[in-house]
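**Q** After the structure tokens below, expect a handful of questions from me.
In the working numbering, the protein residues as written are 8 to 153.
What follows is the structure, encoded as structure tokens:
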């Protein structure tokens with residue numbers, strides 16, 4: 008994790024380079040959070056992307072299944088892996104703010120670590136109906152002159 012002391016303009020310029028160099032994957036399908044009581048941890052499968060908990064329940068990020076019910080929020084997913092040594096500090100806030108301003112959408116982010124692929128990586132979720140627009144917005148940022 009890096010610490011960067013810079014102006015807002017310098018941060019934006021650096022993060023435009025970061026998004027251009029990051030590996031972006033847009034994940035197929037529709038995703039949701041499957042909740043279970045704290046006493047019943049979720050069964051992990053190869054398609055489970057993340058599991059987190061609070062004081063009352065588990066929440067597993069999994070492919071949507073019709074059995075989940077209409078009340079379950081449905082998400083599109085994309086992820087970033089960053090090259091080793093690249094200062095990506097501030098990336099989550101920068102991109103989340105940009106997507107809110109450009110498309111009106113909030114996002115959720117789940118992070119993990121894979122030292123063989125540069126360290127920290129991010130899974131991002133957005134409303135499934137906006138995934139194509141989010142992808143276009145990200146591609147525009149990736150190709151913008153900075």
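Cβ coordinates follow ideal geometry from the N, Cα and C atoms, glycine included. Please read these numbers as outputs of a predicted model, since none were measured by experiment.
Whose C-beta lies closer than 6 Å to the C-beta of residue 119 among residues of the same chain, with five residues either side of it excluded?
**A** 128.
**Q** Are the C-beta atoms of residue 21 and some chain B residue less than 8 Å apart?
**A** Judged by its chain identifiers, the structure shown contains no chain B, having just a single protein chain.
**Q** I'd like to know whether the C-beta atoms of residue 33 and residue 135 end up nearer to each other than 8 Å.
**A** Cβ distance not < 8 Å, so residue 33 and residue 135 don't count as in contact.
**Q** Alpha carbon to alpha carbon, what distance is there between residue 40 and residue 59?
**A** Cα-Cα distance, rounded: 10 Å.
**Q** Between the region 43-61 and the region 92-106, do three or more beta carbon pairs fall short of 8 Å?
**A** As far as the Cβ criterion goes, the region 43-61 does not touch the region 92-106, which means the pair count is below three.
**Q** Below 8 Å, can you find three or more Cβ-Cβ pairs linking the region 67-83 to the region 10-30?
**A** Cβ pair count under 8 Å is below three, so no.
**Q** So, at 8 Å on beta carbons, what are the nonlocal neighbours of residue 86 in its own chain, with the 5 sequence-adjacent residues on each side left out?
**A** Answer for residue 86: 31, 32, 34, 128, 129, 130 and 131, listed in chain order.
**Q** First and last residue of the alpha helix (DSSP H) that includes residue 104?
**A** Segment 98-110, the alpha helix (DSSP H) holding residue 104.
**Q** In this structure, does DSSP put residue 138 in helix, strand or coil?
**A** Three-state result, residue 138: helix.
**Q** Suppose contacts are defined by Cβ-Cβ distances below 8 Å. Is residue 95 in contact with residue 25 by that definition?
**A** Cβ atoms of residue 95 and residue 25: closer than 8 Å.
**Q** What residue does the beta strand (DSSP E) around residue 116 start on, and which one ends it?
**A** Counting along the chain, the beta strand (DSSP E) containing residue 116 begins and ends at 115-121.
**Q** Please report the residue range of the beta strand (DSSP E) in which residue 84 lies.
**A** Its beta strand (DSSP E) spans residues 82-88.
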